[in-house]
């Protein structure tokens, strides 16, 4: 993705590995400061996923793949059985970071499977270094294809609503929901993006807005409450969101609030598209109630997080000290509200996904 | 309403007049600090409405009524024609504070009508002092009746969702949406309230939560994105909101996000009730598109307002400095999403309102 530095524009990925260090764009510091964070061992990478230094399903997947490689590279002995025990422990720890995004489990399984042909520690380390890099490259490539496949759905001067950040920052690069918007902009279609701020962590107003600023794509931020009003007024032509998990009948698990936008889109006859790569499809999951919906710390709701450079405190309480909160981080959008799913292979009706990828 | 001071509980109204000073609970300081604000002349009262020191349709109405009385009391001469010119100017200024809530126009008109029988400045001043006090008393009384009429809709241990603050703080006392919840609590029904935080100004997490803390009513705060998820999971039994204006066919203008909750409630077969007194009914307004929807300053969206005592700055920016925002403050919920309207006269279907009150 493009990142502006004064008058210069540099190219960045959200997460990458150099030597045994996993680097990532430090997302809680955006939009006020652009910094990268380097995690020196797999436990630091695990902490970065938990604390949402990196977030977004495909980005979590790639970070987890690098984490598995890091765990292998950290192993100092030569005993292959000790190594395998070490890797089993690392696998468990990495999978135990966040429960909802399928890409995490998909990536870790893929790395552990790749390692199976290895007969020694050296060989396993070498395989995992290459496999994790390949995973990240392919993940970026899939998002680029999602952009090309989704681009025809965006007409000239289309007004697109998106929720949360399913952009380059939520992936290795390009984004899922934002990839077709980027492609439409490059194509001269001049899209306009309404960004749901996406409480509680404001990935919309903080991250999606930041990405669109970098690319000079026209946009404005709205509170999550305002999308329905604008839909009813005819100011929104289509909705595109990403996904954390899509099950075999096309139900979509995504950031809390996605279900609300999907219901409102159908009520107002506005197409509702979900953009997601294969790593998001969980065909073991038949019914949506099998998916664990992460409930995060109530402080995310009770405090507001800004990290304005003029306010190092970074948070202000917006509720009485006696009040508590519920904080489900994701919701489930049943397949009947989803118009199409945009994938690296093409654009499908939700019910076609399991036939195509299953 | 009850307000806790250490171990003592005192009774307060949201707005009242002593001498020629209009006092109000200083709402932007809640929930962190309970303070009252006294406006010494009608222009200060106008500023307090504009800056949302006082907000909520019935509270704005009563404040405006006191503002009209203040304007009269401020007049120093004896020339009745000069007085009437002064009052006309004051009327215009007071009506020009906020465009959406009907109570404002209803209250100002009522005061100006009351004054018509006066033949002198003294007489007009005396009439308006009494009439504004009567307006506030009757407004409080109507809300108390809304509580009694709405209470049977709340079953034992019902889980109620509310949006924004349609509580005592949005009225002179008792509240509209919160009045039936208060009545149910006094009746031992043990309701549980889910409070939408209600971005951008967080009237839910700041004000409704504060009111429920004062009365020890069980509650939790959720982000506006989470209500749909909880409805779909069967965790919400009914929704009650207030209104800023209800037109002759029962369309409801209320805080931005109300329309979203109403659509989601119908989609999940959950009753959606609107609680409002007669002062909210605008029968001159036939189609919803006649209502002016206030668009407020984009900074309300781009910054977060907390006023945590440890952070006197009071706001943190949550968006890139290059990004703008749209900030419609209200939306329109068409009558087909409204199950019943709870009034001081009883509970009606939306289509019955104009027959009963028109």
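Chains as they are written, first to last, in the working numbering: chain P, 1056 to 1413; chain H, 1056 to 1413.
Ideal Cβ positions, reconstructed from N, Cα and C, are used throughout, including at glycine.
Return no unless some Cβ of chain P is closer than 8 Å to the Cβ of residue 1182 (chain H). no
Alpha carbon to alpha carbon, how far is residue 1168 (chain P) from residue 1191 (chain P)? Give it in angstroms, no decimals. 16 Å
Starting from the beta carbon of residue 1311 (chain P), find every residue of chain H whose beta carbon is closer than 8 Å, and list them in chain order. 1278, 1280, 1281 and 1284
Is the beta carbon of residue 1277 (chain H) sitting closer than 8 Å to the one on residue 1246 (chain H)? no
Cβ pair residue 1332 (chain P), residue 1399 (chain P) closer than 8 Å: yes
Looking at the strands, I want to know which residues DSSP matches up with residue 1350 (chain H). H:1383
Rounded to a whole number of angstroms, what is the C-alpha to C-alpha distance between residue 1187 (chain P) and residue 1175 (chain P)? 18 Å
Any 3 or more C-beta pairs closer than 8 Å across the region 1291-1300 of chain H and the region 1144-1152 of chain H: no
So residue 1378 (chain P) contacts chain H; which residues on that side make the cut at Cβ distance below 9 Å? 1086, 1250, 1260, 1264, 1265, 1267, 1268, 1274, 1275 and 1276
On the DSSP letters alone, give me the boundaries of the alpha helix (DSSP H) that residue 1090 (chain H) sits inside. That residue, residue 1090 (chain H), is in no alpha helix (DSSP H); it is neither H nor E in DSSP.
Using a Cβ-Cβ distance cut-off of 8 Å, determine whether residue 1153 (chain P) contacts chain H. no
Secondary structure, alpha helix (DSSP H): runs of 4+ residues fully inside the region 1086-1174 of chain P: 1097-1105, 1112-1129, 1135-1150 and 1157-1170
Take every Cβ of the region 1370-1383 of chain H, pair it with every Cβ of the region 1251-1264 of chain P, and state whether three or more of those distances are shorter than 8 Å. yes
Quick one: is residue 1334 (chain H) buried, meaning 16 or more other Cβ sit within 10 Å of its Cβ, or exposed? buried
Using C-beta distances below 6 Å, list every residue in its chain close to residue 1273 (chain H), excluding the 5 sequence neighbours before and after it, in chain order. 1247
Taking the Cβ atom as the reference point for each residue, do residue 1322 (chain P) and residue 1268 (chain H) lie within a distance shorter than 8 Å? no
Using a C-beta cutoff of 8 Å, does residue 1366 (chain H) count as contacting chain P? Low per-residue confidence applies at residue 1366 (chain H): pLDDT is 47, beneath 50, and the placement is therefore not dependable enough to give any value.
So is residue 1172 (chain P) buried or exposed if we call it buried at 16+ other beta carbons inside 10 Å? exposed
Residues sharing a beta bridge with residue 1217 (chain H), DSSP: H:1250
Residue 1275 (chain P) and residue 1249 (chain P) - do their beta-carbons sit closer together than 8 Å? yes
For the beta strand (DSSP E) containing residue 1057 (chain P), list its first residue and its last residue. 1057-1060
Kindly indicate if chain P contains any beta-carbon less than 8 Å away from that of residue 1371 (chain H). yes
Closer than 9 Å by beta-carbon distance: list the chain P residues that pair up with residue 1067 (chain H), in chain order. Those do not exist, as residue 1067 (chain H) stays about 16 Å from chain P at its closest Cβ, beyond 9 Å.
Reference residue 1224 (chain P); option with closest CA among P:1390, P:1328 and P:1085: P:1085
If the cut-off is 7 Å on Cβ atoms, which residues from the region 1199-1224 of chain H count as contacting chain P, listed in chain order? none
Quick check: what's the CA-CA separation for residue 1056 (chain H) versus residue 1067 (chain H)? 5 Å
Among the candidates P:1113, P:1314 and P:1339, whose CA atom is the shortest distance from the CA of residue 1413 (chain P)? P:1339
Nearest-angstrom Cα separation, counted from residue 1216 (chain H) out to residue 1198 (chain H): 19 Å
By how many angstroms is the C-alpha of residue 1242 (chain H) removed from the C-alpha of residue 1111 (chain H)? 26 Å
Could you tell me the distance, in whole angstroms, from the CA atom of residue 1271 (chain H) to the CA atom of residue 1089 (chain H)? 17 Å
Taking the C-alpha atoms as reference points, what is the distance between residue 1390 (chain P) and residue 1163 (chain H)? 51 Å
Closest by CA to residue 1401 (chain H), which one among H:1308, H:1237, H:1329 and H:1185? H:1329
Can you give the Cα-Cα distance for residue 1308 (chain P) and residue 1283 (chain H), rounded to whole angstroms? 13 Å
Just mark residue 1091 (chain P) as buried or exposed, buried being the case when its beta carbon has 16 or more other beta carbons within 10 Å. exposed
Contact set between the region 1306-1340 of chain H and chain P, restricted to residues whose Cβ is under 7 Å from the partner: 1311, 1312, 1314, 1315, 1318, 1319 and 1322
Residue 1064 (chain H) burial status per 10 Å Cβ neighbour count (16 or more: buried): exposed
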